[in-house]
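Residue numbers (the numbering used here), protein chains in the order written: chain U, 4 to 245; chain Y, 4 to 245.
2 protein chains.
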Amino acid sequence: MPDLSRIAIVLVETSSPGNLGSVARVMKNMGLGRLVLVDCRADLTEEARQRARGAGDLLEKAVRTSGLGSALKSFHLSVATGSRPARWFDRCLQPREMAAELRGLAADQQIAIVFGPERTGLTNEHLQYCDWQVGIPTNPAFPSLNLAHAVAILAYELSQGLSEPPSSEAARRLAELGQIEAFSQDLEGCLSEIQFLKKQNPQEIMMTLRQMLARASLDDRDIRILRGILRQWKWYARTKGE
Amino acid sequence: MPDLSRIAIVLVETSSPGNLGSVARVMKNMGLGRLVLVDCRADLTEEARQRARGAGDLLEKAVRTSGLGSALKSFHLSVATGSRPARWFDRCLQPREMAAELRGLAADQQIAIVFGPERTGLTNEHLQYCDWQVGIPTNPAFPSLNLAHAVAILAYELSQGLSEPPSSEAARRLAELGQIEAFSQDLEGCLSEIQFLKKQNPQEIMMTLRQMLARASLDDRDIRILRGILRQWKWYARTKGE
Numbered sequence: 004m005p006d007l008s009r010i011a012i013v014l015v016e017t018s019s020p021g022n023l024g025s026v027a028r029v030m031k032n033m034g035l036g037r038l039v040l041v042d043c044r045a046d047l048t049e050e051a052r053q054r055a056r057g058a059g060d061l062l063e064k065a066v067r068t069s070g071l072g073s074a075l076k077s078f079h080l081s082v083a084t085g086s087r088p089a090r091w092f093d094r095c096l097q098p099r100e101m102a103a104e105l106r107g108l109a110a111d112q113q114i115a116i117v118f119g120p121e122r123t124g125l126t127n128e129h130l131q132y133c134d135w136q137v138g139i140p141t142n143p144a145f146p147s148l149n150l151a152h153a154v155a156i157l158a159y160e161l162s163q164g165l166s167e168p169p170s171s172e173a174a175r176r177l178a179e180l181g182q183i184e185a186f187s188q189d190l191e192g193c194l195s196e197i198q199f200l201k202k203q204n205p206q207e208i209m210m211t212l213r214q215m216l217a218r219a220s221l222d223d224r225d226i227r228i229l230r231g232i233l234r235q236w237k238w239y240a241r242t243k244g245e
Numbered sequence: 004m005p006d007l008s009r010i011a012i013v014l015v016e017t018s019s020p021g022n023l024g025s026v027a028r029v030m031k032n033m034g035l036g037r038l039v040l041v042d043c044r045a046d047l048t049e050e051a052r053q054r055a056r057g058a059g060d061l062l063e064k065a066v067r068t069s070g071l072g073s074a075l076k077s078f079h080l081s082v083a084t085g086s087r088p089a090r091w092f093d094r095c096l097q098p099r100e101m102a103a104e105l106r107g108l109a110a111d112q113q114i115a116i117v118f119g120p121e122r123t124g125l126t127n128e129h130l131q132y133c134d135w136q137v138g139i140p141t142n143p144a145f146p147s148l149n150l151a152h153a154v155a156i157l158a159y160e161l162s163q164g165l166s167e168p169p170s171s172e173a174a175r176r177l178a179e180l181g182q183i184e185a186f187s188q189d190l191e192g193c194l195s196e197i198q199f200l201k202k203q204n205p206q207e208i209m210m211t212l213r214q215m216l217a218r219a220s221l222d223d224r225d226i227r228i229l230r231g232i233l234r235q236w237k238w239y240a241r242t243k244g245e
């Protein structure tokens, strides 16, 4: 089994206790150990524990957070799951493509695979925090996978795809998502300051910018440069106002 | 989606109604429509229907049989699922290898993927009816997959692997398993007749012979030749006794 300790399964607003247990079980089957529950709506009921079988420990030690943005701060890359391609992603990866792309990252990069609520999947609000999108090909007449089945298939592909270590020269190191988010907020401040966001739909604009940043696969140096630009911009605005 | 109508999911002695429903759902998600229930121990309860969601039709039209041997008669190839490699199989295929091998068969070959009872998996008694074995790689410390999760992963690999049509020159056409079973029984009769089976453990010997036949990937012509040999043998025994 490959080492999958850098990969976390992030469940957003899960409502079924049975699904919680079932996800924990298949995670442990596939060698995944990190579970993050964002705004979880399901209790750890008897059914949850029963469906988890011997994987109850994953449920006990799951990290619970409020808000997807804060849940993802310490990760380097987040992958949204869903069958509907969202318009701002360049493309929707196949599971196998996702695993191959992840193999290209350095071994210490923290990766979050994000699953939405059972009924709706991830909303646009959630998707803006994600860098890539992955979709499991399904029957168009009956596309909606059970949450644990989707986790099973992606966890299986990850354990297959990451069983070979990355070649060290190709390994990329991305900036932490928290850094990118901090930059986004800094940028939003600047854009408000120059009243750019006043004229447009500010949320829509920021979402588009965040997605641009996500697609750019920024590393630490990129972020230093971008933040340097904003600092310079602010200095310029200040000196001009004097 | 590829055409998977030639593939059936065969569940042996399933005991959980929830698993029945869950298997039906993921089968339909993945474009599989044929479900065979062998000596099924689970009723179509409310839980089964609920877990099936919109795939209740697969449960309704599932073929119910008694005994794995008779269930497999009209198939050309059967694949046993299980994490423990059985000693008489040459090797335990990875899911992706299985899908690649199946792609090499002609499009009209009927294929059964066989899943054992939840607690025990397939027994040696069941395995003698199977041609190949496939195993999903799992965490050695926590290997036991939920039935529906195992179906999800293999159905996913099948839908991936069979999405390309086979090249016509490479397509192989295997004999129906019923034909091979009929030959095995004929052979057993002959071996009893010549008192070969008396000295040995007859069940053990027949199991080994059945597995040899399975590994040989027999086609119709092979079977005609083998049955011809037995006919000739019987004729010889009869004329000698006169």
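Where is the CB? At the ideal position from N, CA and C, for every residue including glycine.
Taking residue i and residue j to be in contact with their CB atoms under 8 Å, please state how far apart those CB atoms are, rounded to whole angstroms.
{"i": "residue 164(U)", "j": "residue 102(U)", "result": "2 Å"}
{"i": "residue 61(Y)", "j": "residue 40(Y)", "result": "Rounded, the Cβ-Cβ distance is 11 Å, inconsistent with contact."}
{"i": "residue 92(Y)", "j": "residue 136(Y)", "result": "4 Å"}
Among the candidates the options, whose CA atom is the shortest distance from the CA of residue i?
{"i": "residue 224(U)", "options": "178(U), 8(U) and 241(U)", "result": "178(U)"}
{"i": "residue 98(Y)", "options": "199(Y), 240(Y), 84(Y) and 206(Y)", "result": "84(Y)"}
{"i": "residue 161(Y)", "options": "41(Y), 104(Y), 228(Y) and 43(Y)", "result": "104(Y)"}
{"i": "residue 89(Y)", "options": "176(Y), 54(Y), 63(Y) and 125(Y)", "result": "125(Y)"}
{"i": "residue 4(U)", "options": "146(Y), 176(Y) and 64(Y)", "result": "146(Y)"}
{"i": "residue 63(Y)", "options": "191(Y), 23(Y) and 205(Y)", "result": "23(Y)"}
Would residue i and residue j qualify as a contact pair, given that the criterion is a beta-carbon distance under 8 Å?
{"i": "residue 74(U)", "j": "residue 30(U)", "result": "no"}
{"i": "residue 9(Y)", "j": "residue 113(Y)", "result": "yes"}
{"i": "residue 12(Y)", "j": "residue 35(Y)", "result": "yes"}
{"i": "residue 154(Y)", "j": "residue 118(Y)", "result": "yes"}
{"i": "residue 32(U)", "j": "residue 141(Y)", "result": "yes"}
{"i": "residue 129(Y)", "j": "residue 71(Y)", "result": "yes"}
{"i": "residue 150(Y)", "j": "residue 116(Y)", "result": "no"}
{"i": "residue 80(Y)", "j": "residue 6(Y)", "result": "no"}
{"i": "residue 21(Y)", "j": "residue 86(Y)", "result": "no"}
Roughly how many angstroms separate the alpha carbons of residue i and residue j, rounded to a whole number?
{"i": "residue 106(U)", "j": "residue 180(Y)", "result": "42 Å"}
{"i": "residue 230(Y)", "j": "residue 51(Y)", "result": "45 Å"}
{"i": "residue 237(Y)", "j": "residue 193(Y)", "result": "8 Å"}
{"i": "residue 242(Y)", "j": "residue 235(Y)", "result": "11 Å"}
{"i": "residue 95(Y)", "j": "residue 189(U)", "result": "55 Å"}
{"i": "residue 111(Y)", "j": "residue 76(U)", "result": "52 Å"}
{"i": "residue 25(U)", "j": "residue 144(Y)", "result": "17 Å"}
{"i": "residue 78(U)", "j": "residue 240(U)", "result": "33 Å"}
{"i": "residue 54(Y)", "j": "residue 185(U)", "result": "42 Å"}
{"i": "residue 232(U)", "j": "residue 191(U)", "result": "14 Å"}
{"i": "residue 207(U)", "j": "residue 82(U)", "result": "21 Å"}
{"i": "residue 176(U)", "j": "residue 176(Y)", "result": "50 Å"}
{"i": "residue 49(U)", "j": "residue 148(Y)", "result": "20 Å"}
{"i": "residue 228(U)", "j": "residue 205(U)", "result": "24 Å"}
Sorted by chain position, which residues of the same chain lie with C-beta nearer than 6 Å to residue i's C-beta, five sequence neighbours on each side aside?
{"i": "residue 56(U)", "result": "28"}
{"i": "residue 16(U)", "result": "42, 44 and 120"}
{"i": "residue 68(U)", "result": "41 and 74"}
{"i": "residue 172(Y)", "result": "Because residue 172(Y) carries a pLDDT of 46, less than 50, the predicted location of this residue cannot be relied on, and the following value inherits that uncertainty. The answer is none, since no qualifying residue turns up."}
{"i": "residue 267(Y)", "result": "The first residue shown for chain Y is 4 and the last is 245, placing residue 267(Y) beyond what the model contains."}
{"i": "residue 166(Y)", "result": "5"}
So, for residue i: in the same chain, excluding its five sequence neighbours on each side, which residues have a beta-carbon less than 7 Å away from its beta-carbon?
{"i": "residue 183(Y)", "result": "216, 221 and 226"}
{"i": "residue 131(U)", "result": "210, 213 and 214"}
{"i": "residue 100(U)", "result": "none"}
For residue i, which residues from the same chain have a beta carbon less than 8 Å from its beta carbon, with the 5 sequence-adjacent residues on both sides left out?
{"i": "residue 122(Y)", "result": "18"}
{"i": "residue 159(Y)", "result": "33"}
{"i": "residue 201(Y)", "result": "195"}
{"i": "residue 187(Y)", "result": "209, 212, 213 and 216"}
{"i": "residue 219(Y)", "result": "225"}
{"i": "residue 197(U)", "result": "240"}
Given a limit of 8 Å on CB to CB distance, which residues of the region 26-50 of chain U reach chain B? Reference to chain B is not applicable here, since the protein chains of this structure are U and Y.
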